[in-house]
Amino acid sequence: MTADDSILRGLLANPSLPADLMLRLIEHADPSVVARALSSRVNLPDVVVAAMARHRDVRVRGAVIEMPNVADADVVRLLQDPEPRIRRFTMERAHMGYGLPEQAYLVLAADPDPAVRAWLVTMPELPAQALPLLADDPEHGDLVVLRHGAPDAAHAAYLRLLVHEDPHRRRIALSAPGRVPPPHLLVRLLDDPATRAAATAHADLDGGVAERLAGDPDQAVRQALAAHPALPPAQLAQLAADPEAAVRATLADRENLPDQLREQLAADDDRAVRRTVLYSEHTPDGLRERIEYPLDRHERAWPVEWLHRRCDDTALQARYARSTQAAYRRTVACCPHLDTGTVALLADDEDFAVRLLLAENHPDAPPRLLARMVREWTGYSIWKLMRHPNFPADVIDEFTRSDDSGLHWCAVFSDRLTEEQKARLRNAPDAELRRSVDPDLPPVADLLTMLTDAEPTVRAQAARHRNLPVDSMRQLVAALTAH
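Here's what the structure looks like:
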(Lines of atoms letter the chains of each structure in order from A and count residues from 1; the text may use other names and numbers.)
(Lines give C-alpha, C1' and ligand atoms only; values in the text may rest on other atoms or scores of the structure.)
Protein backbone atom coordinates (compact mmCIF):
# COMPACT_ATOMS: atom_id res chain seq x y z
CA MET A 1 0.00 0.00 0.00
CA THR A 2 1.50 3.33 -1.08
CA ALA A 3 1.18 6.59 0.86
CA ASP A 4 1.84 10.30 0.38
CA ASP A 5 1.46 13.61 2.22
CA SER A 6 -2.32 13.65 1.80
CA ILE A 7 -2.55 10.30 3.56
CA LEU A 8 -0.05 11.46 6.19
CA ARG A 9 -2.23 14.49 6.95
CA GLY A 10 -5.29 12.29 7.14
CA LEU A 11 -3.70 9.78 9.51
CA LEU A 12 -2.43 12.51 11.82
CA ALA A 13 -6.01 13.82 12.06
CA ASN A 14 -7.52 10.37 12.64
CA PRO A 15 -8.89 10.09 16.20
CA SER A 16 -8.53 6.28 16.05
CA LEU A 17 -4.82 6.22 15.15
CA PRO A 18 -3.06 4.20 17.90
CA ALA A 19 -0.44 6.07 19.92
CA ASP A 20 2.41 3.81 18.78
CA LEU A 21 1.68 4.63 15.13
CA MET A 22 1.40 8.33 15.93
CA LEU A 23 4.84 8.15 17.57
CA ARG A 24 6.34 6.52 14.47
CA LEU A 25 4.95 9.25 12.25
CA ILE A 26 6.22 11.98 14.58
CA GLU A 27 9.69 10.47 14.55
CA HIS A 28 10.06 9.62 10.87
CA ALA A 29 7.59 11.62 8.74
CA ASP A 30 8.04 15.10 7.25
CA PRO A 31 8.27 17.47 10.27
CA SER A 32 6.52 20.32 8.47
CA VAL A 33 3.46 18.15 7.76
CA VAL A 34 3.49 16.73 11.30
CA ALA A 35 3.65 20.20 12.85
CA ARG A 36 0.80 21.61 10.77
CA ALA A 37 -1.43 18.59 11.31
CA LEU A 38 -0.97 18.27 15.06
CA SER A 39 -0.94 21.93 16.10
CA SER A 40 -4.75 22.02 16.15
CA ARG A 41 -5.33 18.59 17.72
CA VAL A 42 -6.83 18.32 21.18
CA ASN A 43 -6.58 15.58 23.78
CA LEU A 44 -3.54 13.85 22.34
CA PRO A 45 -2.04 11.17 24.60
CA ASP A 46 0.60 12.47 27.02
CA VAL A 47 3.23 10.21 25.46
CA VAL A 48 2.61 11.81 22.06
CA VAL A 49 2.85 15.36 23.42
CA ALA A 50 6.07 14.44 25.23
CA ALA A 51 7.57 13.06 22.00
CA MET A 52 6.68 16.24 20.15
CA ALA A 53 8.16 18.43 22.90
CA ARG A 54 11.57 16.76 22.57
CA HIS A 55 11.51 16.47 18.77
CA ARG A 56 14.64 17.43 16.83
CA ASP A 57 12.69 19.88 14.63
CA VAL A 58 11.62 23.19 16.18
CA ARG A 59 8.41 23.23 14.12
CA VAL A 60 7.18 20.08 15.82
CA ARG A 61 8.20 21.35 19.25
CA GLY A 62 6.46 24.64 18.53
CA ALA A 63 3.28 22.82 17.49
CA VAL A 64 2.84 21.78 21.13
CA ILE A 65 2.62 25.44 22.13
CA GLU A 66 -0.03 26.04 19.47
CA MET A 67 -2.35 23.25 20.66
CA PRO A 68 -5.61 24.70 22.04
CA ASN A 69 -5.57 22.66 25.26
CA VAL A 70 -1.84 22.24 25.88
CA ALA A 71 -1.05 21.72 29.56
CA ASP A 72 0.48 24.63 31.46
CA ALA A 73 3.42 22.47 32.50
CA ASP A 74 4.23 21.69 28.86
CA VAL A 75 4.24 25.40 27.98
CA VAL A 76 6.62 26.26 30.82
CA ARG A 77 8.88 23.31 29.99
CA LEU A 78 9.13 24.30 26.34
CA LEU A 79 10.10 27.86 27.26
CA GLN A 80 13.41 26.45 28.46
CA ASP A 81 14.12 25.55 24.82
CA PRO A 82 17.11 27.54 23.47
CA GLU A 83 15.41 28.09 20.11
CA PRO A 84 14.02 31.68 19.93
CA ARG A 85 11.15 30.58 17.70
CA ILE A 86 9.61 28.72 20.62
CA ARG A 87 9.16 32.01 22.44
CA ARG A 88 7.64 33.45 19.26
CA PHE A 89 5.14 30.59 19.12
CA THR A 90 4.35 31.24 22.78
CA MET A 91 3.70 34.93 22.18
CA GLU A 92 1.48 34.13 19.20
CA ARG A 93 -0.53 31.77 21.41
CA ALA A 94 -1.15 34.53 23.94
CA HIS A 95 -2.20 36.97 21.21
CA MET A 96 -4.68 34.38 19.89
CA GLY A 97 -6.45 34.57 23.24
CA TYR A 98 -5.47 31.19 24.68
CA GLY A 99 -3.59 32.74 27.59
CA LEU A 100 -0.43 31.60 29.34
CA PRO A 101 0.25 30.19 32.78
CA GLU A 102 1.68 32.64 35.30
CA GLN A 103 5.00 30.81 35.40
CA ALA A 104 5.38 31.34 31.65
CA TYR A 105 5.23 35.11 32.12
CA LEU A 106 7.95 34.88 34.76
CA VAL A 107 10.18 32.89 32.42
CA LEU A 108 9.61 35.34 29.58
CA ALA A 109 10.22 38.35 31.83
CA ALA A 110 13.74 37.07 32.45
CA ASP A 111 14.40 36.26 28.79
CA PRO A 112 17.68 37.71 27.46
CA ASP A 113 16.03 38.70 24.17
CA PRO A 114 14.81 42.33 24.38
CA ALA A 115 12.17 41.61 21.72
CA VAL A 116 10.52 39.08 24.04
CA ARG A 117 10.47 41.55 26.92
CA ALA A 118 9.14 44.25 24.58
CA TRP A 119 6.27 41.96 23.66
CA LEU A 120 5.42 41.41 27.32
CA VAL A 121 5.01 45.15 27.75
CA THR A 122 2.09 45.08 25.29
CA MET A 123 0.10 42.52 27.27
CA PRO A 124 -3.01 43.96 28.95
CA GLU A 125 -2.41 41.92 32.10
CA LEU A 126 0.76 40.74 33.77
CA PRO A 127 1.14 38.67 36.95
CA ALA A 128 2.24 40.80 39.89
CA GLN A 129 5.36 38.65 40.29
CA ALA A 130 6.54 39.58 36.79
CA LEU A 131 6.39 43.34 37.35
CA PRO A 132 9.61 43.65 39.42
CA LEU A 133 11.50 41.65 36.79
CA LEU A 134 10.41 44.01 34.03
CA ALA A 135 10.32 47.28 35.98
CA ASP A 136 14.10 47.26 36.28
CA ASP A 137 14.58 46.51 32.59
CA PRO A 138 16.72 49.36 31.21
CA GLU A 139 14.90 49.36 27.87
CA HIS A 140 11.28 48.58 28.73
CA GLY A 141 10.93 49.22 32.45
CA ASP A 142 9.17 52.58 32.21
CA LEU A 143 6.59 51.22 29.77
CA VAL A 144 5.79 48.39 32.16
CA VAL A 145 5.46 50.74 35.11
CA LEU A 146 3.30 53.15 33.10
CA ARG A 147 0.82 50.41 32.25
CA HIS A 148 0.94 48.25 35.35
CA GLY A 149 2.64 50.16 38.17
CA ALA A 150 1.29 51.96 41.24
CA PRO A 151 -0.14 55.47 40.54
CA ASP A 152 2.85 57.52 41.74
CA ALA A 153 5.38 55.27 40.01
CA ALA A 154 3.30 55.21 36.83
CA HIS A 155 3.12 59.02 36.72
CA ALA A 156 6.89 59.32 37.17
CA ALA A 157 7.41 56.79 34.36
CA TYR A 158 4.99 58.77 32.18
CA LEU A 159 7.02 61.95 32.62
CA ARG A 160 10.26 60.14 31.80
CA LEU A 161 8.75 58.65 28.66
CA LEU A 162 7.52 62.04 27.45
CA VAL A 163 11.15 63.20 27.21
CA HIS A 164 12.61 59.88 26.07
CA GLU A 165 15.09 60.10 23.18
CA ASP A 166 13.06 57.54 21.20
CA PRO A 167 10.06 59.28 19.56
CA HIS A 168 8.16 55.99 19.56
CA ARG A 169 8.31 55.94 23.37
CA ARG A 170 7.12 59.53 23.49
CA ARG A 171 4.18 58.67 21.24
CA ILE A 172 3.27 55.68 23.42
CA ALA A 173 3.20 57.94 26.48
CA LEU A 174 1.02 60.48 24.67
CA SER A 175 -1.50 57.76 23.86
CA ALA A 176 -1.75 56.56 27.48
CA PRO A 177 -5.43 56.77 28.49
CA GLY A 178 -6.38 59.28 31.16
CA ARG A 179 -3.07 61.16 31.11
CA VAL A 180 -2.36 64.72 29.98
CA PRO A 181 1.18 66.04 29.48
CA PRO A 182 2.27 69.10 31.49
CA PRO A 183 1.94 72.35 29.46
CA HIS A 184 5.69 72.96 29.19
CA LEU A 185 6.25 69.47 27.76
CA LEU A 186 3.22 69.67 25.49
CA VAL A 187 4.72 72.72 23.76
CA ARG A 188 7.89 70.76 23.00
CA LEU A 189 5.94 67.73 21.81
CA LEU A 190 3.81 69.84 19.47
CA ASP A 191 6.92 71.50 18.05
CA ASP A 192 8.48 68.12 17.28
CA PRO A 193 7.30 66.68 13.91
CA ALA A 194 7.84 63.16 15.26
CA THR A 195 5.30 63.62 18.08
CA ARG A 196 3.04 66.38 16.77
CA ALA A 197 0.24 64.09 15.61
CA ALA A 198 0.11 62.21 18.91
CA ALA A 199 0.27 65.45 20.91
CA THR A 200 -2.52 67.12 18.94
CA ALA A 201 -5.21 65.34 20.93
CA HIS A 202 -3.99 67.18 24.06
CA ALA A 203 -3.48 70.59 22.45
CA ASP A 204 -5.15 73.79 23.59
CA LEU A 205 -6.42 75.13 20.27
CA ASP A 206 -6.44 78.81 21.21
CA GLY A 207 -4.01 81.43 19.96
CA GLY A 208 -3.62 80.24 16.40
CA VAL A 209 -2.70 76.66 17.33
CA ALA A 210 -5.70 75.19 15.49
CA GLU A 211 -4.93 77.20 12.36
CA ARG A 212 -1.30 76.10 12.39
CA LEU A 213 -2.17 72.42 12.89
CA ALA A 214 -4.87 72.51 10.19
CA GLY A 215 -2.21 73.60 7.71
CA ASP A 216 0.37 71.04 8.77
CA PRO A 217 1.80 69.06 5.83
CA ASP A 218 1.52 65.80 7.80
CA GLN A 219 -1.82 64.10 7.14
CA ALA A 220 -1.66 62.35 10.54
CA VAL A 221 -1.58 65.73 12.30
CA ARG A 222 -4.61 67.01 10.41
CA GLN A 223 -6.44 63.74 10.99
CA ALA A 224 -5.77 63.97 14.73
CA LEU A 225 -7.00 67.55 14.69
CA ALA A 226 -10.20 66.48 12.91
CA ALA A 227 -11.05 64.35 15.95
CA HIS A 228 -10.27 67.08 18.51
CA PRO A 229 -13.42 67.85 20.53
CA ALA A 230 -12.70 71.61 20.69
CA LEU A 231 -12.02 72.20 17.00
CA PRO A 232 -13.06 75.79 16.08
CA PRO A 233 -15.63 76.40 13.29
CA ALA A 234 -13.05 77.85 10.88
CA GLN A 235 -10.92 74.70 11.04
CA LEU A 236 -14.00 72.48 10.78
CA ALA A 237 -14.70 74.08 7.41
CA GLN A 238 -11.03 73.94 6.40
CA LEU A 239 -10.68 70.22 7.17
CA ALA A 240 -13.99 69.41 5.46
CA ALA A 241 -12.21 70.47 2.26
CA ASP A 242 -8.92 68.74 3.10
CA PRO A 243 -7.29 67.04 0.08
CA GLU A 244 -6.92 63.76 2.02
CA ALA A 245 -10.04 61.59 2.27
CA ALA A 246 -8.89 60.10 5.60
CA VAL A 247 -8.98 63.56 7.18
CA ARG A 248 -12.45 64.29 5.80
CA ALA A 249 -13.71 60.87 6.93
CA THR A 250 -12.46 61.46 10.48
CA LEU A 251 -14.25 64.79 10.54
CA ALA A 252 -17.46 63.26 9.16
CA ASP A 253 -18.21 61.26 12.31
CA ARG A 254 -18.20 64.26 14.66
CA GLU A 255 -21.34 64.81 16.70
CA ASN A 256 -21.04 68.62 16.60
CA LEU A 257 -20.51 68.91 12.86
CA PRO A 258 -22.55 71.78 11.39
CA ASP A 259 -25.41 70.67 9.14
CA GLN A 260 -23.93 72.39 6.10
CA LEU A 261 -20.62 70.54 6.45
CA ARG A 262 -22.34 67.21 7.06
CA GLU A 263 -24.35 67.75 3.87
CA GLN A 264 -21.12 68.58 2.04
CA LEU A 265 -19.38 65.41 3.25
CA ALA A 266 -22.45 63.28 2.50
CA ALA A 267 -21.95 64.20 -1.16
CA ASP A 268 -18.16 63.78 -1.08
CA ASP A 269 -16.49 62.30 -4.15
CA ASP A 270 -14.79 59.69 -1.97
CA ARG A 271 -16.90 56.62 -1.15
CA ALA A 272 -15.19 56.11 2.23
CA VAL A 273 -16.15 59.61 3.34
CA ARG A 274 -19.77 59.08 2.31
CA ARG A 275 -19.72 55.77 4.14
CA THR A 276 -18.63 57.47 7.36
CA VAL A 277 -21.52 59.94 7.13
CA LEU A 278 -23.92 57.10 6.30
CA TYR A 279 -22.81 54.94 9.24
CA SER A 280 -22.64 57.79 11.75
CA GLU A 281 -25.19 57.80 14.54
CA HIS A 282 -25.14 61.60 14.37
CA THR A 283 -26.42 61.81 10.79
CA PRO A 284 -30.11 62.80 10.51
CA ASP A 285 -32.29 60.17 8.85
CA GLY A 286 -33.37 62.53 6.09
CA LEU A 287 -29.79 63.13 5.00
CA ARG A 288 -28.83 59.48 5.47
CA GLU A 289 -31.49 58.37 3.02
CA ARG A 290 -30.13 60.70 0.33
CA ILE A 291 -26.51 59.49 0.49
CA GLU A 292 -25.35 57.68 -2.63
CA TYR A 293 -23.94 54.40 -1.34
CA PRO A 294 -25.17 51.43 -3.39
CA LEU A 295 -24.11 47.91 -2.45
CA ASP A 296 -23.96 45.09 -4.95
CA ARG A 297 -24.95 41.51 -4.16
CA HIS A 298 -21.49 40.28 -3.16
CA GLU A 299 -20.11 43.44 -1.57
CA ARG A 300 -19.35 42.90 2.07
CA ALA A 301 -20.66 45.68 4.30
CA TRP A 302 -19.82 45.78 7.99
CA PRO A 303 -22.85 46.20 10.26
CA VAL A 304 -23.76 49.71 11.34
CA GLU A 305 -22.27 49.42 14.83
CA TRP A 306 -24.52 51.78 16.75
CA LEU A 307 -27.63 50.14 15.30
CA HIS A 308 -26.33 46.61 15.84
CA ARG A 309 -25.66 47.39 19.52
CA ARG A 310 -29.38 48.06 19.89
CA CYS A 311 -30.61 44.78 18.43
CA ASP A 312 -33.06 44.33 21.31
CA ASP A 313 -34.92 47.53 20.39
CA THR A 314 -37.48 45.98 18.05
CA ALA A 315 -39.17 49.31 17.27
CA LEU A 316 -35.86 50.84 16.20
CA GLN A 317 -35.02 47.81 14.08
CA ALA A 318 -38.46 47.91 12.43
CA ARG A 319 -37.88 51.55 11.57
CA TYR A 320 -34.54 50.94 9.87
CA ALA A 321 -35.80 47.82 8.09
CA ARG A 322 -37.59 50.33 5.87
CA SER A 323 -34.45 52.34 5.12
CA THR A 324 -33.50 52.88 1.50
CA GLN A 325 -29.90 52.12 2.50
CA ALA A 326 -29.03 48.44 2.11
CA ALA A 327 -26.31 48.72 4.77
CA TYR A 328 -28.98 49.52 7.38
CA ARG A 329 -31.35 46.79 6.25
CA ARG A 330 -28.48 44.29 6.30
CA THR A 331 -27.68 45.33 9.87
CA VAL A 332 -31.29 44.84 10.92
CA ALA A 333 -31.35 41.42 9.25
CA CYS A 334 -28.54 40.28 11.57
CA CYS A 335 -30.68 40.81 14.68
CA PRO A 336 -32.40 37.71 16.11
CA HIS A 337 -35.21 39.55 17.97
CA LEU A 338 -37.24 41.10 15.15
CA ASP A 339 -41.02 41.27 15.18
CA THR A 340 -42.98 39.20 12.67
CA GLY A 341 -43.79 42.19 10.46
CA THR A 342 -40.12 43.12 10.13
CA VAL A 343 -39.17 39.53 9.36
CA ALA A 344 -41.81 39.33 6.63
CA LEU A 345 -40.65 42.64 5.15
CA LEU A 346 -36.98 41.65 5.02
CA ALA A 347 -37.76 38.18 3.67
CA ASP A 348 -38.92 39.85 0.45
CA ASP A 349 -36.16 42.47 0.35
CA GLU A 350 -34.71 43.24 -3.07
CA ASP A 351 -31.17 42.96 -1.69
CA PHE A 352 -29.78 39.41 -1.78
CA ALA A 353 -27.55 39.95 1.27
CA VAL A 354 -30.48 41.19 3.38
CA ARG A 355 -32.40 37.99 2.67
CA LEU A 356 -29.36 35.81 3.28
CA LEU A 357 -28.47 37.47 6.60
CA LEU A 358 -32.05 37.11 7.79
CA ALA A 359 -32.08 33.42 6.87
CA GLU A 360 -28.74 32.86 8.61
CA ASN A 361 -29.50 34.77 11.81
CA HIS A 362 -33.19 34.67 12.65
CA PRO A 363 -34.43 31.72 14.74
CA ASP A 364 -37.87 31.93 13.09
CA ALA A 365 -36.84 32.59 9.50
CA PRO A 366 -39.76 31.90 7.12
CA PRO A 367 -39.64 28.43 5.50
CA ARG A 368 -40.09 29.85 2.00
CA LEU A 369 -37.12 32.19 2.55
CA LEU A 370 -34.87 29.33 3.67
CA ALA A 371 -35.80 27.27 0.61
CA ARG A 372 -35.24 30.26 -1.68
CA MET A 373 -31.83 31.10 -0.26
CA VAL A 374 -30.54 27.53 -0.53
CA ARG A 375 -31.36 27.66 -4.23
CA GLU A 376 -29.72 31.08 -4.69
CA TRP A 377 -26.67 30.68 -2.45
CA THR A 378 -23.65 28.42 -2.85
CA GLY A 379 -21.64 29.61 0.15
CA TYR A 380 -20.45 28.13 3.40
CA SER A 381 -23.71 28.59 5.34
CA ILE A 382 -25.89 26.28 3.24
CA TRP A 383 -25.48 23.56 5.87
CA LYS A 384 -26.82 25.99 8.49
CA LEU A 385 -29.85 26.86 6.36
CA MET A 386 -30.58 23.20 5.61
CA ARG A 387 -30.50 22.40 9.34
CA HIS A 388 -32.75 25.29 10.32
CA PRO A 389 -35.80 23.85 12.12
CA ASN A 390 -38.07 25.85 9.80
CA PHE A 391 -36.62 24.40 6.60
CA PRO A 392 -39.57 22.81 4.75
CA ALA A 393 -39.64 19.03 4.89
CA ASP A 394 -41.29 18.84 1.47
CA VAL A 395 -38.40 20.79 -0.07
CA ILE A 396 -35.87 18.38 1.48
CA ASP A 397 -37.80 15.54 -0.15
CA GLU A 398 -37.87 17.44 -3.45
CA PHE A 399 -34.09 17.83 -3.33
CA THR A 400 -33.56 14.08 -2.86
CA ARG A 401 -35.78 13.36 -5.90
CA SER A 402 -34.07 15.94 -8.12
CA ASP A 403 -31.65 15.15 -10.95
CA ASP A 404 -29.53 18.14 -9.84
CA SER A 405 -26.39 17.00 -7.98
CA GLY A 406 -26.14 20.44 -6.37
CA LEU A 407 -29.53 19.94 -4.71
CA HIS A 408 -28.45 16.44 -3.66
CA TRP A 409 -25.53 18.00 -1.79
CA CYS A 410 -27.89 20.46 -0.12
CA ALA A 411 -30.05 17.57 1.04
CA VAL A 412 -27.04 15.78 2.53
CA PHE A 413 -26.56 18.72 4.92
CA SER A 414 -30.01 18.20 6.42
CA ASP A 415 -30.19 16.43 9.78
CA ARG A 416 -33.79 15.32 9.11
CA LEU A 417 -33.31 12.90 6.23
CA THR A 418 -35.58 9.88 6.37
CA GLU A 419 -34.29 6.41 5.57
CA GLU A 420 -36.19 6.54 2.28
CA GLN A 421 -34.52 9.83 1.35
CA LYS A 422 -31.08 8.49 2.31
CA ALA A 423 -31.72 5.46 0.12
CA ARG A 424 -32.38 7.73 -2.87
CA LEU A 425 -29.17 9.66 -2.28
CA ARG A 426 -27.16 6.44 -1.97
CA ASN A 427 -28.05 5.83 -5.62
CA ALA A 428 -26.81 9.24 -6.78
CA PRO A 429 -24.15 9.25 -9.54
CA ASP A 430 -21.62 11.15 -7.37
CA ALA A 431 -19.55 8.59 -5.41
CA GLU A 432 -18.38 11.13 -2.84
CA LEU A 433 -21.97 12.23 -2.26
CA ARG A 434 -23.04 8.62 -1.75
CA ARG A 435 -20.36 8.26 0.93
CA SER A 436 -21.48 11.51 2.57
CA VAL A 437 -25.00 10.24 3.19
CA ASP A 438 -23.68 8.16 6.09
CA PRO A 439 -20.30 9.76 6.83
CA ASP A 440 -19.74 7.76 10.01
CA LEU A 441 -20.50 4.38 8.52
CA PRO A 442 -18.96 3.98 5.05
CA PRO A 443 -18.12 0.40 4.11
CA VAL A 444 -14.49 -0.49 4.77
CA ALA A 445 -14.17 -1.44 1.12
CA ASP A 446 -15.11 2.12 0.18
CA LEU A 447 -12.46 3.55 2.49
CA LEU A 448 -9.78 1.30 1.03
CA THR A 449 -10.81 2.34 -2.48
CA MET A 450 -10.70 6.00 -1.48
CA LEU A 451 -7.08 5.56 -0.31
CA THR A 452 -6.07 5.01 -3.95
CA ASP A 453 -8.23 7.78 -5.42
CA ALA A 454 -6.53 10.21 -7.81
CA GLU A 455 -7.79 13.18 -5.78
CA PRO A 456 -5.57 14.01 -2.73
CA THR A 457 -8.50 15.32 -0.69
CA VAL A 458 -10.34 12.02 -1.12
CA ARG A 459 -7.27 10.06 0.01
CA ALA A 460 -6.93 12.33 3.05
CA GLN A 461 -10.64 11.91 3.86
CA ALA A 462 -10.25 8.14 3.92
CA ALA A 463 -7.06 8.22 5.98
CA ARG A 464 -8.64 10.39 8.68
CA HIS A 465 -11.78 8.26 9.01
CA ARG A 466 -12.17 6.65 12.41
CA ASN A 467 -13.45 3.42 10.84
CA LEU A 468 -10.28 2.78 8.85
CA PRO A 469 -8.99 -0.64 9.98
CA VAL A 470 -5.92 -0.52 12.22
CA ASP A 471 -4.17 -3.05 9.97
CA SER A 472 -4.56 -0.62 7.07
CA MET A 473 -3.24 2.20 9.24
CA ARG A 474 -0.17 0.11 10.07
CA GLN A 475 0.49 -0.57 6.39
CA LEU A 476 0.19 3.13 5.58
CA VAL A 477 2.48 4.16 8.44
CA ALA A 478 5.03 1.56 7.32
CA ALA A 479 4.97 2.99 3.80
CA LEU A 480 5.30 6.55 5.10
CA THR A 481 8.26 5.74 7.35
CA ALA A 482 10.13 3.31 5.09
CA HIS A 483 13.42 5.12 4.64
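Per UniProt numbering: the sequence shown = residues 1 to 483.
We put the CB at the ideal spot given by N, CA and C, even for glycine.
Taking the alpha carbon of residue i as the reference point, which residue from the options has its own alpha carbon closest?
i, options, result
"Thr331", "Arg426, His308, Leu338, Thr340", "His308"
"Pro138", "Val121, Ala150, Pro151, Leu126", "Val121"
"Pro429", "Gly406, Leu78, Ala359", "Gly406"
"Leu316", "Ala301, Ala333, Arg300", "Ala333"
"Pro392", "Leu369, Ala462, Leu261", "Leu369"
"Arg300", "Asp438, Ala318, Ala327", "Ala327"
"residue 499", "Arg288, Leu231, Val64, Arg401", "Residue 499 falls outside the range modelled here, since the chain spans only 1 to 483, and no answer is possible."
"Ile26", "Pro15, Ser16, Val247, Ala53", "Ala53"
"Arg59", "Leu79, Thr418, Val75, Ile86", "Ile86"
"Asn14", "Gln475, Leu468, Ala479", "Leu468"
"Glu350", "Tyr279, Pro233, Gln325", "Gln325"
"Asp270", "Arg248, Met386, Ser381", "Arg248"
"Pro233", "Glu211, Trp409, Thr457, Tyr293", "Glu211"
"Asp142", "Pro151, Tyr158, Pro177", "Tyr158"
"Thr400", "Glu292, Ile291, Ala423, Tyr279", "Ala423"
"Asp204", "Pro167, Pro182, Val343, Asp74", "Pro182"
"Glu125", "His148, Pro114, Ala115, Pro112", "His148"
"Leu257", "Ala246, Gln235, Ala272", "Gln235"
"Lys384", "Asp415, Met123, Asp394, Val354", "Asp415"
"Arg329", "Glu376, Val354, Thr314, Arg188", "Val354"
"Ala115", "Arg274, Val34, Pro84", "Pro84"
"Pro303", "Tyr279, Arg290, Ala272", "Tyr279"
"Gly178", "Arg169, Ala344, His202, Pro443", "His202"
In chain order, what residues of the same chain have a beta carbon less than 8 Å from the beta carbon of residue i, not counting five sequence neighbours either side?
i, result
"Val42", "Met67, Pro68, Asn69"
"Thr200", "Leu190, Leu213, Val221, Ala224, Leu225, His228"
"Leu433", "Ser405, His408, Trp409, Val412, Leu425"
"Ala118", "Glu139, His140"
"Glu244", "Gln219, Arg222, Gln223"
"Asn40", "For the sequence presented, residue 40 should be read as Ser rather than Asn. For Ser40, where only same-chain residues beyond five positions count, the Cβ hits under 8 Å are Glu66, Met67, Pro68."
"Ala110", "Leu133"
"Pro294", "Ala326"
When the distance is taken between beta carbons, is residue j closer than 8 Å to residue i?
i, j, result
"Tyr105", "Ala130", "yes"
"Ser6", "Arg459", "yes"
"Leu174", "Ala198", "yes"
"Arg61", "Asp81", "yes"
"His337", "Ala365", "no"
"Leu358", "Ala347", "yes"
"Met373", "Leu11", "no"
"Ala176", "Leu146", "yes"
"Asn37", "Arg9", "The sequence shown places Ala at residue 37, not Asn. Taking 8 Å as the Cβ cut-off, Ala37 and Arg9 qualify as a contacting pair."
"Thr276", "Asp296", "no"
"Glu263", "Leu287", "yes"
"His282", "Glu255", "yes"
"Ala240", "Leu251", "yes"
"Asp285", "Ala318", "no"
"Ala237", "Leu261", "yes"
"Ala150", "Pro167", "no"
"Leu480", "Ala462", "no"
"Gln421", "Ile396", "yes"
"Arg188", "Asp216", "no"
"Leu21", "Val444", "no"
"Val144", "Ala135", "yes"
Residues in the same chain with beta-carbon distance under 6 Å from residue i, minus the five sequence neighbours each way, listed in chain order, please.
i, result
"Leu185", "Leu162"
"Ala94", "Leu100"
"Cys335", "Cys311, Gln317"
At what residues does the alpha helix (DSSP H) containing residue i begin and finish?
i, result
"Val180", "Per DSSP, Val180 belongs to no alpha helix (DSSP H) and is neither H nor E."
"Ser280", "From DSSP, Ser280 is part of no alpha helix (DSSP H); its letter is neither H nor E."
"Tyr105", "102-109"
"Trp383", "382-386"
"Trp302", "Looking at the DSSP string, Trp302 is not in any alpha helix (DSSP H), and its letter there is neither H nor E."
"Ile65", "58-66"
"Gly207", "Careful: Gly207 lies outside any alpha helix (DSSP H) and carries neither H nor E."
"Ile291", "Run containing Ile291: none; DSSP gives neither H nor E here."
"residue 485", "Because the chain here runs from 1 to 483, residue 485 falls outside it and cannot be looked at."
"Arg254", "No alpha helix (DSSP H) contains Arg254, which DSSP labels as neither H nor E."
Can you find the residues in the same chain that come closer than 7 Å, C-beta to C-beta, to residue i, ignoring five residues on each side of it along the sequence?
i, result
"Asp446", "Arg435"
"Val107", "Val76, Leu79"
"Ala19", "Pro45, Val47, Val48"
"Glu92", "none"
"Val437", "Val412, Lys422, Leu425, Arg426"
"Leu17", "Leu11, Met473"
"Pro363", "Pro336"
Is the closest heavy atom of the ligand SAH to the C-beta of residue i under 7 Å?
i, result
"Gly10", "Summarising the ligand content, the structure contains no ligands, and the ligand SAH is consequently not present."
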